[in-house]
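Numbering (our numbering), first residue to last: 508 to 1041.
So this is what it looks like as structure tokens:
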């Protein structure tokens, strides 16, 4: 019974990874980058590379005049205040046509910053992580949910099938054959961050419970999601009065809110029904100093500044906010942020090495039987692993090459960057399929080697282009201690080094195998099949 159960778990572990592993790698890769999405924003939008204000800005003196100039006809506008990770001041409003508008400003001078012309890390990489930019019928959310469930299945079944899981944690033989080395690295990366992987997968499902498990709230609220959200978050609304009104001191309202929160920082100030007697101001607390993503909110009468209401999030929603905050790590804790980043990378390594082990274990058998399974999975794996890394780097490179205001065929600069990402990713799959190994010979692994080399070239190019197009070379940002940009350049260079090392390692392995096959074809085949039985 025990052997049968373990065999079933092994089958489940293998195929849950093979079938959905490519999608899971993309989700993990984008989630890992999203840990530093705001820093990526500053790298991709040089105009936002400002110093963090030494003190809280005066909204009445510096921000309000901007809103009154640009959003004078808007019934609602919002200021996102500068913080440690995004030091620029941002104004958001909806114009007369109902289109959302946004502008960035220097909080020190009030000067309008040029349009960023990019979705950056927070607008492209981060949403890709949880919805794949597929909005139709929430398909993106469902695909991510399916991959997350497969991740949980693979984690649980992996623990079951490994009898000596903690012994394997201390076993890594990088100089062994690729099959053995990849299995060691797969086990090591899996066990090292197992609690993180399990927590991040489970919390990801819980965050979107309203999509994945809609039966509860639909039954309780007759399918009215707006009513469900309003009660869960305890939001305040007041109708228009139909008479002209005034706007009092926003600084006084912010000071009152901070006093109510024991000195807590403010992240947003929003004015509703501007110019109407029923106008009110929403002041939202920053989540930078707390794990929970419960943005406490106070509401004030716009004219008198009198407090109207406080949001009191319900206990269940508050618990979910804590889980969401733990998953998204938007709070200020740089040590933990780096640990999240490294644990995310370990998840990428876990998925990639799982694919490599599956491929190496079946390569000889599939070649002997004339099956195309390994070649198909290998092409998909290369495109899913090195391909998406290449596409991401191409996204960074084109960001530095395209001038602000660029457009082509009706597509603006931000859209062009996304097109480059997707077309590059698609091309990586085509390259992998074209370079797939001949099943009659030992695999040359040319696609792996060439794509790893492409990663190194693009990463170095991104660093050089950043220096040339912005005047912020690495030595300058290091000397100034401007770590958002310096850190990005350093990570790109480190990634280039690892990619070159991998390309060289794969090249040496391929050369040895081809040489062994040409000198001793029979013994080489026997040795390979023996390795596959390990």
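Just so you know, even glycine gets a beta-carbon here, dropped at the ideal spot from N, CA and C. Every value quoted in this text rests on a predicted model; they were computed, and no experiment measured them.
Three-state secondary structure assigned by DSSP to residue i
i	result
residue 703	helix
residue 967	helix
residue 944	For residue 944, the predicted structure reports a pLDDT of 49, less than 50, and the residue's modelled location is therefore unreliable. A value from the coordinates is still provided. Coil at residue 944, not helix or strand.
residue 789	strand
residue 777	strand
residue 819	coil
residue 750	coil
residue 956	helix
residue 619	strand
residue 882	helix
residue 610	strand
residue 531	helix
residue 914	strand
residue 1045	Only positions 508 to 1041 of the chain appear in this structure, which leaves residue 1045 out of reach.
residue 951	With a pLDDT of 45 at residue 951, under the threshold of 50, the modelled position of that residue is not reliable, and the figure given next carries that caveat. Here residue 951 sits in coil by DSSP.
Delimiting residues of the beta strand (DSSP E) encompassing residue i
i	result
residue 896	From DSSP, residue 896 is part of no beta strand (DSSP E) but of the alpha helix (DSSP H) over 895–908.
residue 808	804–808
Residue i: CB within 7 Å of a non-hydrogen atom of the ligand SAH
i	result
residue 941	Absence of the ligand SAH is noted for the structure shown, with no ligands found whatsoever.
Anticipated Cβ contact below 8 Å, residue i with residue j, distance rounded
i	j	result
residue 654	residue 852	Actually they do not touch by this definition, with Cβ atoms about 18 Å apart.
residue 747	residue 785	5 Å
residue 884	residue 956	Not really, about 18 Å apart at Cβ, beyond 8 Å.
residue 770	residue 799	17 Å between Cβ atoms; not a contact.
residue 617	residue 544	Incorrect: roughly 26 Å between the Cβ atoms, too far for contact.
residue 652	residue 712	6 Å
residue 778	residue 583	7 Å
residue 548	residue 539	With a Cβ gap of about 16 Å, residue 548 and residue 539 do not count as contacting.
residue 882	residue 972	That pair is no contact at about 36 Å.
residue 959	residue 1009	5 Å
residue 795	residue 838	6 Å
residue 650	residue 639	6 Å
Unbroken alpha helix (DSSP H) run spanning residue i, endpoints
i	result
residue 500	For the chain, the structure presents residues 508 to 1041; residue 500 sits outside this window and is missing.
residue 634	633–638
residue 765	757–767
residue 984	981–987
What are the complete alpha helix (DSSP H) segments, minimum 4 residues, inside the stretch 536–608?
-> Fully enclosed alpha helix (DSSP H) runs of 4 or longer: 544–551 and 571–577.
Taking 8 Å as the cut-off, does the stretch 967–974 touch the stretch 909–925 (at least 3 CB pairs, one atom from each stretch)? With the rule of 3 Cβ pairs closer than 8 Å, the stretch 909–925 does not count as touching the stretch 967–974.
Original post:
Should the stretch 887–900 be regarded as contacting the stretch 721–730, the criterion being three or more beta carbon pairs within less than 8 Å?
Top reply: The answer is no - the stretch 721–730 does not touch the stretch 887–900, with fewer than three Cβ pairs under 8 Å.
Along the chain, which unbroken stretches of the alpha helix (DSSP H) at least 4 residues long are found entirely within the stretch 713–747?
Counting whole runs of 4 or more residues, the stretch 713–747 contains the alpha helix (DSSP H) stretches 716–719, 722–728 and 732–740.
May I have a chain-ordered list of the alpha helix (DSSP H) segments no shorter than 4 residues that lie completely inside the stretch 814–862?
Unbroken alpha helix (DSSP H) runs of no fewer than 4 residues, entirely contained in the stretch 814–862, are found at 822–835, following chain order.
Exercise. Are there three or more Cβ pairs, one per stretch, closer than 8 Å when the stretch 802–817 is compared with the stretch 754–761?
Worked result: The stretch 802–817 is in contact with the stretch 754–761.
- Message: Below 8 Å, how does it come out for the stretch 658–672 and the stretch 702–711: are there three or more Cβ pairs, yes or no?
- Response: Contact annotation: the stretch 658–672 touches the stretch 702–711, with at least three C-beta pairs closer than 8 Å.
Query raised in the report: Does the stretch 819–829 come within contact of the stretch 736–747, defined as at least 3 CB pairs closer than 8 Å?
Result: These segments touch.
message: Taking contact to mean 3 or more Cβ pairs, one atom from each stretch, closer than 8 Å, check whether the stretch 621–636 and the stretch 923–933 are in contact.
response: At 8 Å Cβ cutoff, the stretches touch.
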